[in-house]
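Sequence positions in the sequence shown follow the working numbering and run -4 to 280.
Glycine residues also receive a C-beta, built at the ideal position from the N, C-alpha and C atoms.
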Amino acid sequence: MSLFFARMRRNPAFVALVVLLILWVLSMFAAPSFLSYDAYATNTGTRLLPPSAQHLMGTDQLGRDLLARVLVGGQASLMVSIVSGVLSAAFGIGVGAAMAMTRGRVQLVCTGIIDFFLAFPSRVFLVALVGFLGPSVFNIIAAILITTWAEYARITRTIVRTEREKWYVRYADVSGIPFSCRLRSYVLPNVIPQMLVFFFQHLSDIILTVAGLSLIGIGIQPPTPEWGMLLMGSKDYMQTAPWLLMFPGAAIFITVVIFSLMGDELRDIFEPRWERGHRKEAREA
């Protein structure tokens, strides 16, 4: 585990992405303190102004500063995405690890539950669940957790089964070391780095999902200027005020790309390219 984090620090691309992400997130949460305009203040005299020195991203149909709304809206988008992603990962990893370390009926029941959730198309299941529960932040987080944890559990189960067969884990088992200690000390340190790769890539998908829910009207509700809601509000002004679509879309794109690239760099840190190439050659041989 310590070797993994040492590799992270020695990877300049990953460090640059972390710095970029920190600056991007800080700009969102510090926006109210350094911006001259309130994200919620309307002004009919400044409706649909194009980008300028006064309004860097222009204004919307109610005269609200778009830069302020994009940055403040990012708070809601990131909060929902990160909280739901962390909860899904924690629950799925815990279930998958426990299932892989046990045998008998417990494993069969857990496998059946995972297969049940994986049998449904996750996006369709998510939309149906949010539509049934109602559009609120809590319900969106709960729906994402319910529809995505099984994928974490499936991947974790596969990794832990491989780790479980290694000699030091088997030795700890026959030595009488308790299950929780074996899991915490010998298995999870080798599982978590691999799951971090999947987490960052999954996080970019959750951001798109949260925006998509708002775009179809069942996501985060007004007055919160969430990115998907900003996109939905721009649909009637695509020709007359294209900046209303362009800047929220760019914010989503930047965030998704950062998280996706972080996942790619983590994969390179954990499994360097030469190792993947060597494994591919071995399979082809």
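Would residue i be called buried (16 or more neighbouring beta carbons within 10 Å of its own) or exposed?
i	result
R152	buried
R262	buried
Q234	exposed
T142	buried
G223	buried
G129	exposed
R179	exposed
T54	buried
A11	exposed
Y181	buried
A36	exposed
P188	buried
R177	buried
Y281	The structure shown does not extend to residue 281, since the chain is modelled only from -4 through 280, so no value can be given for it.
V64	It is worth fixing the name first, because residue 64 is Arg in this sequence and not Val. Under this definition R64 is a buried residue.
P243	buried
E158	buried
E146	buried
L62	buried
S31	exposed
G214	buried
S175	exposed
I'd like to confirm the pairing. Which residues does DSSP put opposite residue i in its beta bridges?
i	result
D55	According to DSSP, which records beta bridges pairwise, D55 is partnered with nothing at all.
D60	T54
Is there a Cβ from chain D that is less than 9 Å from the Cβ of residue i?
i	result
H50	Note that chain D does not occur in the displayed structure, where there is just one protein chain.
Which value, in whole angstroms, describes the spacing of the CA atoms of residue i and residue j?
i	j	result
A277	M257	Caution applies to A277, whose pLDDT of 42 falls short of 50 and renders its modelled position unreliable; the model cannot decide the point.
G228	D60	14 Å
P46	A236	10 Å
V186	A92	9 Å
A34	R42	14 Å
F112	I136	17 Å
R100	A8	46 Å
I211	S131	14 Å
V90	A148	6 Å
M74	V125	17 Å
W144	F86	6 Å
V13	A84	20 Å
G68	A114	34 Å
V164	R156	11 Å
F29	L44	21 Å
G289	T97	Past the boundaries of the shown model lies residue 289; the chain is included only from -4 to 280, so the question cannot be answered.
T219	P116	29 Å
F127	A245	31 Å
I264	P173	32 Å
Q216	S255	27 Å
M94	S199	27 Å
V20	V104	41 Å
V169	W162	11 Å
L183	E160	14 Å
V81	Q196	13 Å
Y232	F194	36 Å
G281	Q49	Residue 281 is absent from the model: the chain starts at -4 and stops at 280.
L225	N134	20 Å
Since residue i and residue j should fall inside the 8 Å C-beta cutoff, what is the C-beta to C-beta distance between them, to a whole number of angstroms?
i	j	result
F24	Q56	26 Å between Cβ atoms; not a contact.
A26	L66	4 Å
L18	I253	About 10 Å separates the two Cβ atoms, so there is no contact after all.
V205	S76	5 Å
N6	E260	6 Å
I139	S79	4 Å
E221	S22	That pair is no contact at about 17 Å.
V251	I202	6 Å
M190	I108	Actually they do not touch by this definition, with Cβ atoms about 19 Å apart.
Any chance the CB of residue i is under 8 Å from a heavy atom of the ligand HEM?
i	result
L18	Absence of the ligand HEM is noted for the structure shown, with no ligands found whatsoever.
For this session: Please specify which runs of the alpha helix (DSSP H), each continuous and at least 4 residues long, are wholly inside the stretch 100 to 129, giving them in chain order.
Result: 100 to 113 and 117 to 128
Problem set entry | Sequence ranges, alpha helix (DSSP H) only - wholly within the stretch 141 to 199, length at least 4 | Taken in chain order, the whole alpha helix (DSSP H) runs of length 4 or more contained in the stretch 141 to 199 are 162 to 169 and 174 to 177.
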